[in-house]
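One structure is given below, encoded as structure tokens.
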Amino acid sequence: MLAKNWNLIFEGISLCIGIQLIALSFLKLAQKEKREYVLGIITLLFALAYTRAFVFDYIMEVNLLKILFRHSIEIFIPPFLFIYLCLFKKDDIKIRSHLIFPAFYVLAHLVFSFFEPISNPDIRALKSTLSASILTLSFLVYFSWGLYILRKDLSHNLKDRALIKLRIFYYSINIYEILNVLIHAASVITVFYFPDRHFTLPLWAIQFFTLFGILQALFLILYSITESKYFKAFYLGKKIQKDKSLIVNSDSISQLLDQEIRGHELFKNTSINIKTLSQRLGINTAVLTEYFREELKISFNDYINDFRVEEFKKLILQAEYQKYDIIGVARLAGFNSKATFYRNFRRKEGISPKSFIEGTS
1 MLAKNWNLIF
11 EGISLCIGIQ
21 LIALSFLKLA
31 QKEKREYVLG
41 IITLLFALAY
51 TRAFVFDYIM
61 EVNLLKILFR
71 HSIEIFIPPF
81 LFIYLCLFKK
91 DDIKIRSHLI
101 FPAFYVLAHL
111 VFSFFEPISN
121 PDIRALKSTL
131 SASILTLSFL
141 VYFSWGLYIL
151 RKDLSHNLKD
161 RALIKLRIFY
171 YSINIYEILN
181 VLIHAASVIT
191 VFYFPDRHFT
201 LPLWAIQFFT
211 LFGILQALFL
221 ILYSITESKY
231 FKAFYLGKKI
241 QKDKSLIVNS
251 DSISQLLDQE
261 IRGHELFKNT
271 SINIKTLSQR
281 LGINTAVLTE
291 YFREELKISF
301 NDYINDFRVE
311 EFKKLILQAE
321 YQKYDIIGVA
331 RLAGFNSKAT
341 FYRNFRRKEG
351 ISPKSFIEGT
361 S
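Everything in the sequence shown is counted per full-length UniProt numbering, starting at 1 for the first residue and increasing by one.
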């Protein structure tokens, strides 16, 4: 009774998820941007996977539809996920070249279907094993290629928030699907070649895996919604890519900063701000602001004040500055406010200036 209720609940959830995914996929497919269009295809593939149980009885008589729904939806997911990743880097990727193998896979299933009624059990076993193995290999190969793209290109090109979101999307989809096809492959191989050791998951594992699949689908819905330009503008800004000049000139910006801030002790200038610094370095203010935020993970003010804290620590230990009080030395280091000095010293060192001095005495 419990298992039956669980199945009914899962069917209801699957239908609701499938309907939402279909609606989202049509919205994405209507977009002009290629990346949005590909996301629409991915969403549609998952929508078909979640709703196929409800339409399968109606398409049994049409061989091509039966093959697509029963065997071939998943074979298109790995290449489209990979294409989607690549579109964050460039817009001229050749989509058709990645669809040749899935199309051949569907065609092979279609050809085999004509001979299936007269085929012997050994051929049917071989076909099922090859199909499961090819599907598993496709996911593993494309997943590894995608990891390479994420690490080599997108980790440098995308802003941190966009990169984290994309990684969660890519990992969650692939990990669930890879586990799914591995379990399917193990089940197919054992049922045909080792019937006395047929691989089946215990009920608790099936329920856990089902819950994992539901969460994955809900995340796909959330991801698709938040990929609209209105949501992205809200929490990522107008662009998700880093400025191209920042990507190319990151090292030279670092050298210029070190030369000006450390070499010329520019941090001692109490009126320094990011606008005057960018003019001095000959760098666009927006690019320099993005450099601090995306590359150094720190604000300009905290960056400058860290140098001032280090300068204070160096000066306070020298005998010639013993005649000054704490705030006097802080002003020599570049601070023009007592509150700013104390706040930044505690932020960087974790203790008060007085505790630091007592600890070095």
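Note that CB positions come from ideal geometry on N, CA and C, so glycine has one too. Everything numeric in this text was worked out from a predicted model, so none of it was measured.
So, for residue i: in the same chain, excluding its five sequence neighbours on each side, which residues have a beta-carbon less than 8 Å away from its beta-carbon?
| i | result |
| --- | --- |
| Tyr37 | Lys28, Leu29 and Gln31 |
| Leu140 | Ile178 |
Let me make sure I understand the geometry here. Which of the options has the alpha-carbon closest to that of residue i?
| i | options | result |
| --- | --- | --- |
| Lys90 | Asn157, Ser271 and Glu177 | Asn157 |
| Ser226 | Ile9, Leu24, Leu147 and Ala103 | First, the residue type needs correcting, since residue 226 is Thr and not Ser in the sequence shown. Of the candidates Ile9, Leu24, Leu147 and Ala103, the one whose C-alpha sits nearest the C-alpha of Thr226 is Leu24. |
| Ile175 | Lys152, Gly213 and Arg161 | Gly213 |
| Glu11 | Lys159, Phe54, Ile253 and Arg35 | Phe54 |
| Phe101 | Leu137, Phe209 and Lys34 | Leu137 |
| Thr190 | Phe209, Phe208 and Ala132 | Ala132 |
| Ile22 | Leu8, Arg35 and Arg52 | Arg52 |
| Tyr170 | Tyr84, Thr270 and Lys229 | Tyr84 |
| Phe208 | Asn180, Lys314, Thr270 and Lys323 | Asn180 |
Roughly how many whole angstroms lie between the Cα atoms of residue i and residue j?
| i | j | result |
| --- | --- | --- |
| Ser128 | Ile75 | 14 Å |
| Gly18 | Ser155 | 32 Å |
| Met1 | Leu15 | For Met1, the predicted structure reports a pLDDT of 48, less than 50, and the residue's modelled location is therefore unreliable. A value from the coordinates is still provided. Cα to Cα, Met1 sits roughly 21 Å from Leu15. |
| Ser355 | Phe292 | 30 Å |
| Leu107 | His184 | 21 Å |
| Gly146 | Phe46 | 19 Å |
| Leu48 | Ile283 | 50 Å |
| Leu163 | Ala186 | 34 Å |
| Phe341 | Ala319 | 21 Å |
| Ala339 | Glu311 | 17 Å |
Excluding sequence positions up to five away, which residues of its chain have a Cβ less than 6 Å from the Cβ of residue i?
| i | result |
| --- | --- |
| Phe267 | Ile261, Ile304, Phe307, Arg308 and Gly334 |
| Ile41 | Phe80 |
| Pro353 | Ile326 and Phe345 |
Tell me which residue opens and which closes the alpha helix (DSSP H) that residue i is part of.
| i | result |
| --- | --- |
| Gln322 | Run containing Gln322: none; DSSP gives neither H nor E here. |
| Ile274 | Ile274 to Leu281 |
| Ser355 | Pro353 to Thr360 |
| Leu87 | Looking at the DSSP string, Leu87 is not in any alpha helix (DSSP H), and its letter there is neither H nor E. |
| Lys348 | Lys338 to Glu349 |
Please look up how many angstroms separate the CB atoms of residue i and residue j, rounded, as I've assumed it's under 8 Å.
| i | j | result |
| --- | --- | --- |
| Leu220 | Thr43 | 7 Å |
| Tyr142 | Phe82 | 5 Å |
| Ser144 | Gln216 | At roughly 20 Å, the Cβ-Cβ gap does not stay under 8 Å, so Ser144 and Gln216 are not in contact. |
| Leu288 | Leu277 | 7 Å |
| Asp160 | Glu294 | 6 Å |
Could you name the residues of the same chain whose beta carbon sits closer than 7 Å to that of residue i, not counting the 5 residues immediately before and after it, in chain order?
| i | result |
| --- | --- |
| Ile316 | Val329 and Ile357 |
| Thr360 | Leu317 |
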